[in-house]
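Taking my numbering, the leading residue of the sequence shown gets 893, the next gets one more, and so forth.
Where a beta carbon is used, it is the ideal one built from N, C-alpha and C, also for glycine.
Note that this is a predicted model, so its numbers are computed, not measured.
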Amino acid sequence: MRTPHSQRGISMLSWIAILLVVGFFVLFAMRTVPAYFNYYTLVQVAQGVQQDGSLRDVPVQELRSKLNTRMRINDVDDVGYDAIEIRQGSSGGWLLVVDYEVREPLLLNIDLVMSFNKRIGS
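As structure tokens, then:
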């Protein structure tokens, strides 16, 4: 008969449980991290357009064209071009609103829904 002191290590069932938990978190990260990278890149694009002084008094179509060009350059392709709403700001400039949702499948019929919303400008 073995005493608890002489038994060392973990059982095979414990290893499988640990691997399942680690695997779930890796799967979760693989599904969410690209969406957050796209969001932060999209916010940087919108901030760059907002801070560009030459685009302060341009028509909305030209501003939308600049946004679309910068989105293509930065490889933001999982987000539609309508993710950034353009409004006239209170101080005469542009107010850019990044507002969209991303739905990613996780397991079987379980989906992750990530909602992003940020106002840039005044």
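Helix, strand or coil for residue i, going by three-state DSSP, please let me know.
| i | result |
| --- | --- |
| Leu-1000 | coil |
| Asp-974 | helix |
| Ile-1012 | strand |
| Val-914 | helix |
| Ser-946 | helix |
| Ser-861 | Here the chain comprises residues numbered 893 to 1014, so residue 861 is not present and cannot be evaluated. |
| Val-989 | strand |
| Arg-900 | coil |
In the DSSP assignment, find the unbroken alpha helix (DSSP H) run with residue i in it and report its ends.
| i | result |
| --- | --- |
| Ser-957 | 952–965 |
Rounded to the nearest angstrom, what separates residue i and residue j at their Cα positions?
| i | j | result |
| --- | --- | --- |
| Arg-979 | Arg-962 | 19 Å |
| Arg-956 | Leu-999 | 37 Å |
| Val-952 | Ala-938 | 14 Å |
| Ser-903 | Ala-909 | 10 Å |
| Leu-947 | Leu-959 | 11 Å |
| Leu-1004 | Val-925 | 12 Å |
| Leu-911 | Arg-900 | 19 Å |
| Pro-997 | Val-968 | 20 Å |
| Leu-905 | Leu-919 | 21 Å |
| Asp-949 | Ser-1014 | 15 Å |
Does any residue of chain B have a CB that is nearer than 9 Å to the CB of residue i?
| i | result |
| --- | --- |
| Val-937 | Protein chains in the displayed structure number just one, and chain B is not present. |
Are the stretch 906–920 and the stretch 971–984 touching, with three or more C-beta to C-beta distances below 8 Å? As far as the Cβ criterion goes, the stretch 906–920 does not touch the stretch 971–984, which means the pair count is below three.
Flag this pair as touching only if the stretch 988–1008 and the stretch 930–939 have three or more C-beta atom pairs under 8 Å; answer yes or no. When C-beta atoms of the stretch 988–1008 are compared with those of the stretch 930–939, three or more pairs fall below 8 Å, so the two segments count as touching.
Three or more C-beta pairs under 8 Å: does that hold for the stretch 973–980 against the stretch 990–1002? Yes, the stretch 973–980 is in contact with the stretch 990–1002.
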